[in-house]
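Since the structure comes first, as structure tokens, the remarks are kept for the end.
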Amino acid sequence: MDDLRELYQEMILDHSKRPRNFGPLPGAEREAKGNNPLCGDRVTVFLAMENGVVKDVRFVGAGCAISMASASMMTEMVKGKTAEEARTLFARFHHLVTEEDGGEALGGPDLDKLEVFAGVRQFPIRVKCATLPWHTLAAALERRIEEVTTE
Amino acid sequence: MSLEAAEKSWQAPKASDYDVWRVREDFPILKQRIYGNPLVFLDTAASAQKPQAVIDAVRRCYETEYANIHRGVYYLSERATEAFEAARRKVQALLNAREAREIVFVRGATEAINLVAHSYGRTFLNAGDEILISHIEHHSNIVPWQILCQEKGLKLRVAPVDDSAELVLDEYARMLNDRTKFVAITHISNAVGTITPIKEIIRLAHQRGIPVLVDGCQAVPHMRVDVQDLDCDFYVFSGHKLYGPSGIGALYGKAEHLEAMPPYQGGGEMILSVTFEKTEYNVIPFKFEAGTPHIAGAIGLGAAVDYVNDVGIERIAAHESALLAYATERISEFKGLRVIGTAKEKASILSFVLEGVHPHDVGTVLDRDGIAVRAGHHCAQPVMERFGVPATVRASLAMFNTVEDVDALIASIRKARELFG
């Protein structure tokens, strides 16, 4: 069970049950859809930008605890950051869930609470669940309109 | 009754003389431990584990009697050809086909269905014709027909299932009309375990002269299949689900159909003579077996058929049926757990959703306990949508599963429930 508690930390379970910033964003000028066909996670990210800064970000979707918690915490972390900072945070998050450390060498903003996802690296099959919302966010930042998929 | 009391009072049924522990000894992979736990393999519906007899047959082929078939004039080629054709006759006997030439070796059921869609469908179906499938088909028995419909201007129609995932036979009958020119239906649903009333489905179609293809992937490992008794026009299955190697499967087709159908793939083996002016095709089944086949695969499939026959398909079916009843009963004691697929007649498959817990998360908890189940849409997205779920957890039973396997599954689900609340 220890292994599982590493993955499903309290904060992750909390965010998956009560996701923050959940719902549509009226007035969002950017939006992207993401989908993990392996297990059926779906997420749509809505963005409102101002002077290159994320003014507001929300998401809707349905999926596993990892994907929903990741989306929820992502929205909390990127609000108020520049597009560049958000992208770097994605790179660090990706590093965290696939490599041995938190990607400090990449610079940019601290991972903060995102550190709880470190357990994902013991569950390689779930990496795509964790990174789906971030891939979708990246697509939204670039205003890509075709659907993002983790395949 | 509390779960604990139910556990104590339940008398796990034992199929009378079925020695599952003896059967398990034949499957080397079952000795493995996963994250320190015994392997509990409950994903046979995706692909079956292999008994030593099949592994040995493949190895023996490569070690002692491998050569290309049908062409050589030397001893090894003769041996390989005989072993390959013997495997074809074993599949013939398994399905009780009238003739061995009605068995075409293919890569698997998906290829078999594509073969029929291309070769039969392109030739004999015309714009405005209808193809009728069911709502509980695997993607492999949907997409080839969609492609054909798009190409030829046909209409794809879907016979509905009720809330227990049973085919609504009246509705199916009503949907058969003068424009229906082909029916493709599963024998047993891989997603929800429903055993369809396939004989009646075929009879109703034949009343109107409509041919029927049956997807038998989940049926062949779990019940006796008699294609003459069913009178189906085509029957397909994959070897890897019948405890055989992957990359081999069979298409049964009535001789008169196969003879009338043009080839699917062109190349060596499927020809009698080739010139640049004219090429003559081979007789059936070779007309549909272009190129060098999966020789060792077919031989391995033959060994799998022998193995299943030795154990006895009816005894396997009885064992699995008792186990499914036990598993269904035990799982029903969880609050907030919904079984998807509650047809009166089911085989092997238990698909469910745990309220508030995504199947992928359940699957991960089970995985850490050494339990292999499938979490997802099972290549049956229309079924998932029909029952309003993005995915299910699917446990599927095989000849080597035990009461202890089911108990482990239940305990692990309980753990998932505790973890996720």
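If you read the protein sequences in the order shown, they are chains A and B.
Take any residue in the first sequence, count from 1 to its spot, add 220: that is its number in our numbering.
Here our numbering is used: position 261 in the second sequence is 251, and no number is missing along the way.
Every residue gets a Cβ at the ideal spot worked out from N, C-alpha and C, and that includes glycine.
Run of the beta strand (DSSP E) containing residue i, from where it starts to where it stops
{"i": "residue 64 of chain B", "result": "Residue 64 of chain B -> no beta strand (DSSP E), and no H or E assigned at all."}
{"i": "residue 412 of chain B", "result": "Past the boundaries of the shown model lies residue 412 of chain B; chain B is included only from -9 to 411, so the question cannot be answered."}
{"i": "residue 263 of chain B", "result": "261 to 264"}
{"i": "residue 270 of chain A", "result": "261 to 270"}
{"i": "residue 225 of chain B", "result": "224 to 228"}
{"i": "residue 175 of chain B", "result": "170 to 176"}
{"i": "residue 382 of chain B", "result": "382 to 386"}
{"i": "residue 124 of chain B", "result": "120 to 124"}
{"i": "residue 251 of chain A", "result": "250 to 256"}
{"i": "residue 179 of chain B", "result": "Neither: residue 179 of chain B is in no beta strand (DSSP E) and is coded neither H nor E."}
Any chain A beta carbon closer than 8 Å to residue i
{"i": "residue 241 of chain B", "result": "no"}
{"i": "residue 33 of chain B", "result": "no"}
{"i": "residue 409 of chain B", "result": "yes"}
{"i": "residue 358 of chain B", "result": "yes"}
{"i": "residue 129 of chain B", "result": "no"}
{"i": "residue 354 of chain B", "result": "yes"}
{"i": "residue 26 of chain B", "result": "no"}
{"i": "residue 3 of chain B", "result": "Low confidence applies here, because residue 3 of chain B scores a pLDDT of 45, under 50, leaving its location unreliable; read the following figure in that light. With 8 Å as the cut-off, residue 3 of chain B does not count as an interface residue toward chain A."}
{"i": "residue 366 of chain B", "result": "yes"}
{"i": "residue 350 of chain B", "result": "yes"}
Contacts around residue i, its chain only, beta-carbon distance under 7 Å, and the 5 residues preceding and following it disregarded
{"i": "residue 386 of chain B", "result": "32, 33, 34, 35, 338 and 339"}
{"i": "residue 245 of chain A", "result": "266, 268, 276 and 278"}
{"i": "residue 280 of chain A", "result": "242, 243, 244 and 264"}
{"i": "residue 42 of chain B", "result": "16 and 18"}
{"i": "residue 358 of chain A", "result": "307 and 310"}
{"i": "residue 248 of chain A", "result": "266, 267 and 268"}
Unbroken alpha helix (DSSP H) run spanning residue i, endpoints
{"i": "residue 237 of chain A", "result": "230 to 237"}
{"i": "residue 236 of chain B", "result": "Residue 236 of chain B -> no alpha helix (DSSP H), and no H or E assigned at all."}
{"i": "residue 303 of chain B", "result": "303 to 321"}
{"i": "residue 55 of chain B", "result": "Residue 55 of chain B -> no alpha helix (DSSP H), and no H or E assigned at all."}
{"i": "residue 279 of chain A", "result": "Careful: residue 279 of chain A lies outside any alpha helix (DSSP H), inside the beta strand (DSSP E) at 273 to 282."}
{"i": "residue 193 of chain B", "result": "188 to 197"}
{"i": "residue 151 of chain B", "result": "That residue, residue 151 of chain B, is in no alpha helix (DSSP H); it is neither H nor E in DSSP."}
{"i": "residue 353 of chain B", "result": "349 to 358"}
{"i": "residue 209 of chain B", "result": "Looking at the DSSP string, residue 209 of chain B is not in any alpha helix (DSSP H), and its letter there is neither H nor E."}
Chain-order list of residues whose beta-carbon lies under 6 Å from that of residue i (same chain, five-residue window excluded)
{"i": "residue 286 of chain A", "result": "346, 349 and 350"}
{"i": "residue 332 of chain B", "result": "154"}
{"i": "residue 27 of chain B", "result": "359 and 360"}
{"i": "residue 364 of chain B", "result": "33, 36 and 384"}
{"i": "residue 239 of chain A", "result": "288 and 292"}
{"i": "residue 128 of chain B", "result": "180, 369 and 370"}
{"i": "residue 106 of chain B", "result": "203 and 224"}
Exposure label - residue i; buried when at least 16 CB within 10 Å
{"i": "residue 261 of chain A", "result": "buried"}
{"i": "residue 130 of chain B", "result": "buried"}
{"i": "residue 9 of chain B", "result": "exposed"}
{"i": "residue 297 of chain B", "result": "buried"}
{"i": "residue 398 of chain B", "result": "buried"}
{"i": "residue 256 of chain A", "result": "buried"}
{"i": "residue -1 of chain B", "result": "Residue placement at residue -1 of chain B cannot be trusted, given a pLDDT of 48 that sits under 50; the coordinates are not used to answer."}
{"i": "residue 271 of chain A", "result": "exposed"}
{"i": "residue 135 of chain B", "result": "buried"}
{"i": "residue -4 of chain B", "result": "Here the model assigns residue -4 of chain B a pLDDT of 49, short of 50, so the residue's position is not dependable, and the following value carries that caveat. Looking at its Cβ environment, which holds fewer than 16 other Cβ atoms inside 10 Å, residue -4 of chain B is exposed."}
{"i": "residue 301 of chain B", "result": "buried"}
{"i": "residue 224 of chain A", "result": "buried"}
{"i": "residue 221 of chain A", "result": "exposed"}
{"i": "residue 124 of chain B", "result": "buried"}
{"i": "residue 52 of chain B", "result": "exposed"}
{"i": "residue 168 of chain B", "result": "exposed"}
{"i": "residue 248 of chain B", "result": "buried"}
{"i": "residue 25 of chain B", "result": "exposed"}
Residue-level contact to chain B via CB, residue i, 8 Å cutoff
{"i": "residue 346 of chain A", "result": "yes"}
{"i": "residue 282 of chain A", "result": "yes"}
{"i": "residue 234 of chain A", "result": "no"}
{"i": "residue 224 of chain A", "result": "yes"}
Heavy atom of the ligand ZN within 7 Å of residue i beta-carbon
{"i": "residue 282 of chain A", "result": "As far as ligands go, the structure on display features none, and thus does not contain the ligand ZN."}
Own chain residues within Cβ distance below 8 Å of residue i, not counting five before or after
{"i": "residue 307 of chain B", "result": "212, 213, 214 and 337"}
{"i": "residue 253 of chain B", "result": "109, 260, 271, 277, 278 and 280"}
Please name the residues in the region 369 to 395 of chain B whose beta-carbon is closer than 7 Å to at least one beta-carbon of chain A, in chain order. Residues 380 and 381.
Between the region 281 to 304 of chain A and chain B, which residues of the former have CB atoms less than 9 Å from a CB of the latter, in chain order? Of all residues in the region 281 to 304 of chain A, 282, 283, 284, 285, 286, 287 and 288 have a Cβ within less than 9 Å of some Cβ in chain B.
Compile a chain-ordered list of the residues in the region 324 to 353 of chain A whose CB is closer than 9 Å to at least one CB of chain B. Correct list: 343, 345, 346 and 349.
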